[in-house]
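Here is the structure we will look at, set down as structure tokens.
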Amino acid sequence: MQGWIVPPPKEPTKSRAEFTKERHKKVEWLIRRGYLRSERIKEAMLRVPREDFIPHMYKDYAYREVPLPIPGQEATISCPHSYPLFYEPLGLDKDHKFLEVGLGSGYGTALAREIVGPDGLVVSIEIDPLTFEFAKSNLEKAGYNDIVLIKEDGALGYREMSPYCRIAITAACNKIPPPLIEQLRIGGRLIGPVKKYRTQHLVLLAKNDDGIIKEVVCEVLYVSLRGRYEDKQD
Ligand SMILES: C[S@@+](CC[C@H](N)C(=O)[O-])C[C@H]1O[C@@H](n2cnc3c(N)ncnc32)[C@H](O)[C@@H]1O
């Protein structure tokens, strides 16, 4: 993983109680650092056991600020602060229909499911078959059985359930794939990392009747988007 020092794999030693304590401490840290602001996202982060979405040999590092390897080509579970970093500016909330591109471990998907609540909907797409099976099994074991999981190129979106209130892309693209902008409803927002020279910008788009308003949230470092929109120049 370019740019990150991944800790060595080892047999996990931590108990459920220790993980729960670490989760609470992490949430307090995220609030102090200004990443986490809304009550719904905070509640979701307290509720979802991140350790259940991490491969056995990396579990003890669940709450460290480092992306950890998961099955699949260059696949990772993002660091804990990435989730409020995306979901706060996105304004992900109760009752939203949410599309995630890049299911990864399923952790961000589980958080989104908690945030949108019983009247919302979460659709998540993963291109890598190994990663897809890993996430599906994690989500099923954790009791999330009502998330729509699609094994496809997420850059093409999932037209059948569009338009979406919110869309998050969790892999870095050269430009936001046009099908995703099309599948965003008017009044909706989309967030994702966009490559900019040697860095990446976390870009937030708001779609309204007059068009698209773009804002750069911060610099980030994500694995590259694969599939139809991989390595295409603007
Ligand atoms: C940083 S990881 C996502 C981490 C995830 N949010 C989590 O909680 O574990 C990015 C994911 O995007 C996936 N990906 C890359 N290109 C994709 C595409 N075109 N469609 C769907 N998934 C894609 C990768 O296989 C990888 O699993």
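Numbering-wise, the sequence shown is residues 1 to 234 according to my numbering.
The beta carbon of each residue, even a glycine, is placed where N, CA and C say it ideally should be.
**Message:** Bridge partners for lysine 207 per DSSP, in chain order?
**Reply:** Locating residue 207 in the sequence shown gives position 207, where the first residue counts as 1. BP columns for lysine 207 point to Ile212.
**Item:** lysine 14 versus lysine 141 - alpha carbon distance
**Value:** By 1-based counting over the sequence shown, the position of residue 14 is 14. By 1-based counting over the sequence shown, the position of residue 141 is 141. Straight-line measurement puts the Cα of lysine 141 at about 19 angstroms from the Cα of lysine 14.
**Request:** Taking only the alpha-carbon atoms, compute the straight-line gap between valine 216 and threonine 170 and give it to the nearest angstrom.
**Result:** By one-based count along the sequence shown, residue 216 stands at place 216. By one-based count along the sequence shown, residue 170 stands at place 170. Looking at the two C-alpha atoms, the distance is approximately 15 angstroms.
**Request:** State the Cα-Cα distance for the pair leucine 184 and leucine 99, rounded to the nearest angstrom.
**Result:** Locating residue 184 in the sequence shown gives position 184, where the first residue counts as 1. Locating residue 99 in the sequence shown gives position 99, where the first residue counts as 1. When rounded, the distance between both Cα atoms is 9 angstroms.
**Prompt:** Which same chain residues, not among the five before or five after aspartate 234, have their C-beta less than 8 angstroms away from its C-beta?
**Reply:** In the sequence shown, residue 234 corresponds to position 234, counting from 1. No answer about aspartate 234 holds up, because its pLDDT of 43 lies below 50 and its placement is not dependable.
**Prompt:** Is the region 144–161 in contact with the region 118–136, if contact means three or more CB pairs nearer than 8 angstroms?
**Reply:** yes
**Message:** Does the beta-carbon of leucine 103, which I'm using as the reference point, lie nearer than 7 angstroms to any heavy atom of ligand 1?
**Reply:** By 1-based counting over the sequence shown, the position of residue 103 is 103. Yes.
**Asked** Thinking just about the alpha-carbon of each residue, which of Leu85, Pro179, Ser78 is nearest to the one in tryptophan 4?
**Response** Stepping through the sequence shown from its first residue, residue 4 is reached at position 4. Answer by Cα proximity: Ser78.
**Asked** Any heavy atom of ligand 1 closer than 7 angstroms to the Cβ of glutamate 114?
**Response** Along the sequence shown, one-based indexing puts residue 114 at 114. No, the beta carbon of glutamate 114 sits no closer than 7 angstroms to any heavy atom of ligand 1.
**Prompt:** Using a threshold of 7 angstroms, is the CB atom of serine 137 nearer than that to any non-hydrogen atom of ligand 2?
**Reply:** Of the ligands one can find in the structure shown, namely ligand 1, none is ligand 2.
**leucine 130 vs proline 71 beta-carbon contact at 8 angstroms** = Here the question's residue 130 lines up with position 130 in the sequence shown. Here the question's residue 71 lines up with position 71 in the sequence shown. Contact: yes.
**Request:** With phenylalanine 86 as the anchor, note down where its alpha helix (DSSP H) starts and where it stops.
**Result:** As a position in the sequence shown, residue 86 is number 86, starting the count at 1. Here the alpha helix (DSSP H) through phenylalanine 86 covers 82–90.
**Asked** Got a sec? Which residues, its chain only, sit under 6 angstroms from lysine 59 by beta carbon, not counting five neighbours each side?
**Response** Along the sequence shown, read from residue 1 onward, the residue named residue 59 stands at position 59. Correct list, in chain order: Pro12, Glu51.
**Request:** Output the boundary residues of the alpha helix (DSSP H) element that contains proline 129.
**Result:** Residue numbering aside, residue 129 sits at position 129 when the sequence shown is read from its first letter. Unbroken alpha helix (DSSP H) run through proline 129: 129–141.
**Message:** Taking DSSP's pairing of strands, which residues face arginine 166 in a bridge?
**Reply:** Position 166 of the sequence shown, counted from the first residue, corresponds to residue 166. Arginine 166 is bridged to Phe98, Arg189.
**Asked** Does the region 20–40 come close enough to the region 82–96 that 3 or more CB-CB pairs lie under 8 angstroms?
**Response** Touching, per the Cβ criterion.
**Message:** If I measure Cβ to Cβ from lysine 94 and keep anything under 6 angstroms in the same chain, skipping five residues before and after, which residues do I get?
**Reply:** For the purposes of this step, residue 94 is taken as the residue at position 94 of the sequence shown. The answer, listed in chain order, is Gly117.
**Message:** Closer than 7 angstroms to a non-hydrogen atom of ligand 1 - does that hold for the CB of serine 78?
**Reply:** Translated into the one-based positions of the sequence shown, residue 78 becomes position 78. Within 7 angstroms of the C-beta of serine 78 there is at least one heavy atom belonging to ligand 1.
**Request:** Quickly, what does DSSP pair lysine 175 with across the bridge? List them, please.
**Result:** As a working note, residue 175 is residue 175 in the sequence shown. Answer is none; lysine 175 lacks a bridge partner.
**Within 8 angstroms, strictly: CB atoms of valine 48 and alanine 135** = What you label residue 48 is simply residue 48 of the sequence shown in a count that begins at 1. What you label residue 135 is simply residue 135 of the sequence shown in a count that begins at 1. No, they are not a contact pair.
**Message:** What would DSSP say about lysine 42, mapped onto helix, strand or coil?
**Reply:** Residue mapping note: residue 42 aligns to position 42 of the sequence shown, counting from 1. Correct three-state label for lysine 42: helix.
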